[in-house]
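The structure appears right after this line, and notes come after that.
Protein chains: 2
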Amino acid sequence: MTGSLFRPGAVPFTERTPRVVAARKLTRRAEREKTGRFLAEGTNAVEAAVKYGTVHELFVTERAAAAYPALTTAAADRSVPVSPITDRAAAGLSETVTPQGIVAVCTVVDRPLETVLAAARLVVVLVDVAEPGNAGTVIRVADAAGADAVILAGDTVDPHNGKSVRSAAGSTFHIPLARTRDVPAALTALRAAGLRTLAASGYATTSLETLSFDTPVAWLFGNEAHGLPDEILTAADETVRIPLYGKAESLNLATAAAVCVYTTAMAAHR
Amino acid sequence: MTGSLFRPGAVPFTERTPRVVAARKLTRRAEREKTGRFLAEGTNAVEAAVKYGTVHELFVTERAAAAYPALTTAAADRSVPVSPITDRAAAGLSETVTPQGIVAVCTVVDRPLETVLAAARLVVVLVDVAEPGNAGTVIRVADAAGADAVILAGDTVDPHNGKSVRSAAGSTFHIPLARTRDVPAALTALRAAGLRTLAASGYATTSLETLSFDTPVAWLFGNEAHGLPDEILTAADETVRIPLYGKAESLNLATAAAVCVYTTAMAAHR
Chain G
1 MTGSLFRPGA VPFTERTPRV VAARKLTRRA EREKTGRFLA EGTNAVEAAV KYGTVHELFV
61 TERAAAAYPA LTTAAADRSV PVSPITDRAA AGLSETVTPQ GIVAVCTVVD RPLETVLAAA
121 RLVVVLVDVA EPGNAGTVIR VADAAGADAV ILAGDTVDPH NGKSVRSAAG STFHIPLART
181 RDVPAALTAL RAAGLRTLAA SGYATTSLET LSFDTPVAWL FGNEAHGLPD EILTAADETV
241 RIPLYGKAES LNLATAAAVC VYTTAMAAHR
Chain B
1 MTGSLFRPGA VPFTERTPRV VAARKLTRRA EREKTGRFLA EGTNAVEAAV KYGTVHELFV
61 TERAAAAYPA LTTAAADRSV PVSPITDRAA AGLSETVTPQ GIVAVCTVVD RPLETVLAAA
121 RLVVVLVDVA EPGNAGTVIR VADAAGADAV ILAGDTVDPH NGKSVRSAAG STFHIPLART
181 RDVPAALTAL RAAGLRTLAA SGYATTSLET LSFDTPVAWL FGNEAHGLPD EILTAADETV
241 RIPLYGKAES LNLATAAAVC VYTTAMAAHR
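If you read the protein sequences in the order shown, they are chains G and B. 1 is the number of the first residue of the first sequence in UniProt numbering; add one for each residue after it. 1 is the number of the first residue of the second sequence in UniProt numbering; add one for each residue after it.
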């Protein structure tokens, strides 16, 4: 496969080839929403996309085809068109400083909220999370902890953003994702699905290590700077803080989510 | 204080003022090692530096002095020289895209290894960690979890790096830090201090949720890409993995450390 892609005389796509130009537009949210497609960049994300997602086309540089032959073979085995591109075209499709030279054009992965909550026992909800890397890291943590879904609620960043996909290291394609603007409606849906809603807050009186996790749980995490909105803290079944045993005043979003979600998951598996 | 700093006619330091030029050099590791000083940037770090560290001089822009009057007052109360600087000088001292305009010149905080291990019950050891943001985030997590020290071992980045200080959000000054190139010697010192050494590894057979934490513990975490060196995995008392309940193949360093260290700390406080 690799040989046929980069055989002598074959001309790789450049940054001006229409399909590359069209793919490059997917780095913008508006274009992703218009087309229902997004880019997965790098080996972890592409491997998961090929295995669990819907890939329309895989772009690879000659160097990447040589470095990751199993990936292009796996794509070809699933009848995914694999197209050679120049290093410059790869740089144009990449949002990293040192592109790996492998980018997949995928169908967006989010699903309707109701469909991801059926029989769910552990759900993670991000409310107004601003930083794509944080959203991706929490998606990865939720996947690792065996959560059933991640809900991106309110003004939370698009999980199809390049940095989010990269931080998720493949988990974008592993775990059901749903998006909703309407946070109170999401809370109602979580409750209707039988999930106890736990709102993470540094000001809560209930401390994480005192909780027992014998019922299905939805963890809610808020914006990096402002936390969860007051109305959500009030509406949740319980607000919970992570105990701070030293002098630090808080944890960052991703590490706080890791502690809460893993504490829940390990308790359920003990 | 603020008024006197920026009284009409007072001339703030520019990027060419010798003390600003000298401070700017501290963004380089070699200069930090030569002078034993480093820069703490932003309100969290500066507040902790003034309270717990040794600050030689605090540079503030007019905007920052107006926005954070308590910080300049606290510095002046401790006889720290507070010097007004221009926005451009602040940008030169900053390693962020949007500088807060407040930077402290501090004495480096690391101490000899032996002094930080006395009576320690929870220690975090970073081996060959490459990314300053990760080192800072783990220092913050260790502080929050009430750890007694963080050891930066082997080729681990300098915790006085600007990005590390920023990610630590003040914890650089809260928790004892020690640095050593010699990882095996650090292991020996940890053992001599009565700490059980637990090496985090995705390939370990012992899973985190099966451990009990009734003895003092040192957690060892390795490089972001390569993990811990084989000889350290062999030398540690136990290798431990975080259980992966979903499809993710791993966690990133900071979230993995958060899960391990907090699981230990919460068990000890239950």
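Heads up, the beta-carbon is just placed ideally off N, CA and C, and yes, glycines get one too. Keep in mind that this is a model prediction, so the values were computed, not measured.
A distance below 7 Å between beta-carbons, with the five flanking residues on each side excluded, links G:PHE173 to the following residues of its chain, in chain order: ALA48, ALA49, TYR52, GLY53 and VAL109. A contact is defined here as three or more CB-CB pairs under 8 Å, and the segment 134 to 149 of chain G fails this definition with respect to the segment 64 to 75 of chain G.
Less than 7 Å divides the Cβ of G:VAL240 from the Cβ of G:LEU198.
The C-beta of G:ARG270 comes closer than 7 Å to at least one C-beta of chain B. Neighbours of B:PRO243 across chain G, judged by C-beta separation under 9 Å: ALA144, ALA145, GLY146, TYR262, ALA265, MET266 and HIS269. Taking 8 Å as the cut-off between beta carbons, the residues of the segment 207 to 232 of chain B near chain G are LEU208 and GLU209, in sequence order. Taking 7 Å as the CB threshold, G:LEU190 stays off the interface with chain B. Contact between the segment 258 to 270 of chain B and the segment 142 to 158 of chain B is present: 3 or more CB-CB pairs across the two stretches fall below 8 Å.
Residue environment analysis places B:THR14 among the exposed positions, since fewer than 16 neighbouring C-beta atoms fall within 10 angstroms of its C-beta. The C-beta of B:ARG140 comes closer than 7 Å to at least one C-beta of chain G. Judged by DSSP secondary structure, G:ALA200 falls within the beta strand (DSSP E) whose first and last residues are 196 to 200.
G:LEU117 has a beta carbon lying at 7 Å or more from every beta carbon in chain B.
The DSSP-derived three-state label of B:HIS56 is strand. Relative to the Cα of B:SER83, the nearest Cα in the group B:VAL11, B:ARG196, B:ALA236 and B:PRO99 belongs to B:VAL11. In the structure shown, B:SER83 adopts extended strand secondary structure according to DSSP, grouped into three states.
When 7 Å is used as the limit between beta carbons, B:VAL124 is near no residue of chain G, the shortest such separation being about 11 Å.
By the neighbour-count criterion, in which a residue is buried when 16 or more other Cβ atoms sit within 10 angstroms of its Cβ, G:SER79 is exposed.
The DSSP-derived three-state label of B:SER207 is strand. Cβ contact annotation for G:ALA186 (same chain, cutoff 8 Å, sequence separation greater than five): LEU113, VAL125, ILE151, ALA153 and THR180, in chain order. Taken atom to atom, the span from the alpha-carbon of B:ARG111 to that of B:VAL55 is near 17 Å. With a threshold of 7 Å between beta carbons, B:LYS51 makes no contact with chain G. No Cβ-Cβ contact shorter than 7 Å links B:PHE221 with B:ALA267.
Spatial neighbours of G:ILE175 in its own chain (CB-CB distance under 7 Å, excluding positions within 5 residues in sequence) are listed in chain order as ILE139, ALA142, ASP143, ALA147, ALA149 and VAL150. Chain-ordered, the chain G residues with CB closer than 9 Å to the CB of B:ILE175 read GLY246, LYS247 and ALA248. Closer than 7 Å to the CB of G:ALA70 there is not a single CB belonging to chain B. Among the bridge pairs identified by DSSP, B:PHE13 is matched with B:ILE85. Our two residues, B:THR17 and B:THR86, have alpha carbons roughly 11 Å apart in a direct line. In the three-state reduction of the DSSP assignment, G:ASN161 falls in the coil class, being assigned neither a helical nor a strand state.
Sequence-distant Cβ neighbours of B:SER250 in its own chain, meaning closer than 7 Å and more than five residues away, are GLY202. For G:GLY246, the closest C-alpha among the options B:HIS269, B:LEU233, B:PRO132 and B:THR35 is that of B:HIS269. G:SER164 is outside the set of residues whose beta carbon lies under 7 Å from a beta carbon in chain B.
With a contact defined as Cβ atoms closer than 8 Å, B:ALA254 and G:SER171 miss out at about 16 Å.
The C-beta distance from B:VAL123 to B:LEU211 rounds to 16 Å, too long to meet the 8 Å contact threshold. Contact annotation: B:PRO132 and B:LYS163 have beta-carbon atoms nearer than 7 Å. For G:SER201, no CB of chain B lies under 7 Å from its own CB, so it is not counted at the interface with that chain. Cβ atoms of G:ALA169 and G:LEU93 stay farther apart than 8 Å, at about 19 Å.
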